[in-house]
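Numbering (the numbering used here), first residue to last: 3 to 162.
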Ligand SMILES: N[C@@H](CCC(=O)N[C@@H](CS)C(=O)NCC(=O)O)C(=O)O
């Protein structure tokens, strides 16, 4: 069965789940604990970010790459337009959402979580050990801001 390694609050992971659902595919979700859990992600995929889709021997990181992979492996129902101009527009909108929009959303999330211990805990997987959620709840806001920044921010070349 397809396996999606994810952070449950990640918009990139939601994007993949929406495509899996639109394609009516069965899949299992594996929640990754930000930080510690990413060691396993690195071992598996050679990079540290989620989402990562595992399909038998195929390990596919990056939401956009995953979606192209799913579209190629499971063409029905078709999600990408055949018309090259329309397909280019889809890629442009996707790229804008993954960079400019995602950066603004992340910034707001980081600021909100830095001042709200309850929100910080909601961002952790439900399976997270109690010690990790206690630590997140008790972190001073500056420190938790750095932690959340590290574990949610997509690196956009050329941006700070
Ligand atoms: N290019 C990636 C970006 C994924 C991404 O930024 N994932 C974040 C979670 S929302 C992540 O894994 N952050 C942890 C890290 O960068 O260490 C995609 O589209 O899937």
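Built from N, CA and C at the ideal position, the CB exists for glycine as well.
Note that the coordinates shown come from a computational prediction; the quantities given were computed from them, not determined experimentally.
What residue from the options has the CA that sits closest to residue i's CA?
i: residue 56; options: 111, 5, 75 and 86; result: 5
i: residue 30; options: 8, 40 and 140; result: 8
Could you check the C-alpha separation between residue i and residue j for me, to the nearest Å?
i: residue 130; j: residue 124; result: 11 Å
i: residue 88; j: residue 102; result: 21 Å
i: residue 95; j: residue 79; result: 21 Å
i: residue 14; j: residue 66; result: 9 Å
i: residue 122; j: residue 18; result: 23 Å
i: residue 37; j: residue 12; result: 14 Å
i: residue 16; j: residue 74; result: 19 Å
i: residue 118; j: residue 27; result: 36 Å
i: residue 112; j: residue 41; result: 22 Å
i: residue 45; j: residue 39; result: 10 Å
i: residue 99; j: residue 43; result: 24 Å
Report yes if the CB atom of residue i is closer than 8 Å to the CB atom of residue j, and no otherwise.
i: residue 107; j: residue 69; result: no
i: residue 25; j: residue 76; result: yes
i: residue 127; j: residue 50; result: no
i: residue 35; j: residue 134; result: yes
Starting from the C-beta of residue i, find all residues in its chain whose C-beta is less than 6 Å away, skip the five residues before and the five after it, and write them out in chain order.
i: residue 47; result: 54, 61 and 63
i: residue 161; result: A caution first: residue 161 carries a pLDDT of 40, below 50, which makes its placement in the model unreliable, though a value can still be read off. Result list for residue 161: empty, nothing under 6 Å.
Which residues in the same chain as residue i place their Cβ atom closer than 8 Å to its Cβ, once the five residues preceding and following it in sequence are excluded?
i: residue 71; result: 55, 57, 60 and 62
Spatial neighbours of residue i within its chain, please: C-beta separation below 7 Å, excluding the five flanking residues on both sides.
i: residue 81; result: 21, 24 and 73
i: residue 139; result: 119, 122 and 123
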